[in-house]
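Just so you know, we're using our numbering here: the sequence shown kicks off at 17 and counts up by one.
Ideal placement from N, C-alpha and C gives every residue a C-beta, glycine not left out.
Computed from a predicted structure; not experimentally measured.
To start, the structure under review is shown below, and the notes come after it.
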Amino acid sequence: MYDKIQQTVTFLRQMTNGFEPQVGAVLGSGLGGLSKGIEIEYTIPYKDIPNFPVSTVAGHKGQLLFGTIAGKRIVAMQGRFHYYEGYTTKEITFPIRVLAALGIRFIILSNASGGINPTFNVGDVMFISDHINLLPNPLIGPHDERLGVRFPDMGEAYNKKLMKLADAIAYSLDIDVQHGVYVGDTGPSYETPSEYQYYRVIGGDSVGMSTTPEAIVARQCNLPVFGVSVISDIGGKDIECFITHEEVISAVVKAEPKLIAIITELIRRSDEIQF
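Here's what the structure looks like:
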């Protein structure tokens, strides 16, 4: 895998004239509109990038954006990959390793998720304080020390300094945010009422089909992570909930301006943090 990462990095540097990003972002469901605020210098479709998977999900464009936002150089994944598309978690997380090798200081992971905390509402923005990973761990298999330590510590999967700054920004913008534990499961079926209840019992506040493998690999790469969810629906044992992908996208679109405002300012002020 190491050689493939280096091959991909070399290709991207050649295609972008040596562009050196400071921040990485996965613009999943919840943050796709951030691309409108990026002064884009280079756009590279995933299908043209050596060793990259190709996104197959509606609403995920499938391209890598290089540019500037809030005075910082950024590389953004416009669309991500999921286990339910048939990829392994190693393949899903390959781009995270590439972004780390490009030299970013930290990475932002976004998603849409189902709310299982009864105090949440559709459209809430939730900063991810921790996660429960129910997907195959992407670090399983032969180990290469060049990729990071064999047993990365996950005691702070989501960076507390980034979250503290994001909290201050949300407060200054008069935007209410939630904090919670994100449960990553396989999908693609949405959860049953009993599954929602189970995830709540084991400590989850929201549930989705991505992010956790990316966070695990980011931490192995020693990348600080800021994770955020848009609560797109509410489920539970005693809650009648029939959800469609279109309804998820609709909920995300309504919440997106709040999230974009927070993330843009977080990027602008990121130099305040010493990792």
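Decide if residue i is buried, meaning its Cβ has at least 16 other Cβ atoms within 10 Å, or exposed.
i    : result
F291 : exposed
V217 : exposed
R162 : exposed
P37  : buried
Y62  : buried
H159 : exposed
Y212 : buried
V22  : According to the sequence shown, residue 22 is Gln rather than Val. Under this definition Q22 is an exposed residue.
D201 : buried
G157 : exposed
R113 : buried
F167 : exposed
N153 : exposed
G44  : buried
S188 : exposed
S286 : buried
N149 : buried
Just checking my contact of residue i with residue j at CB under 8 Å: how many whole Å lie between their CB atoms?
i    : j    : result
P240 : N175 : 4 Å
T84  : E55  : 5 Å
Y103 : P66  : So it is not a contact: roughly 16 Å between Cβ atoms.
F35  : R89  : 7 Å
T228 : H98  : T228 to H98, Cβ: 11 Å. No contact.
I289 : Y215 : About 31 Å; that fails the 8 Å criterion.
F143 : H195 : 5 Å
Who are residue i's beta bridge partners in DSSP?
i    : result
Y198 : H147, S222
G40  : V91, I123
Q23  : In the DSSP output, where bridge partners are listed per residue, Q23 has none listed.
T59  : L81
D249 : G130
G243 : L125
V141 : V246
With the cut-off set at 8 Å, would you say residue i and residue j are in Cβ contact?
i    : j    : result
L282 : L181 : yes
Q236 : L155 : yes
G220 : A231 : no
M31  : I60  : yes
V141 : A271 : yes
I276 : L47  : yes
V193 : V223 : no
G171 : V91  : no
E107 : F82  : no
G78  : G95  : yes
S129 : S245 : yes
G164 : N238 : yes
Closest by CA to residue i, which one among the options?
i    : options                : result
Y100 : T26, M225, K88         : M225
M179 : I123, P209, P204, T24  : I123
A117 : S205, L43, V233        : V233
T208 : S145, D190, D249       : D249
K274 : I21, D190, P111        : D190
N127 : V138, G251, I247       : I247
V42  : R29, L28, F110         : F110
V138 : G251, K20, T280, D19   : G251
F27  : L80, S45, G44          : L80
I185 : T280, Y206, V269, N33  : T280
L115 : D183, V197, R29        : R29
V197 : A173, G203, S210, P204 : A173
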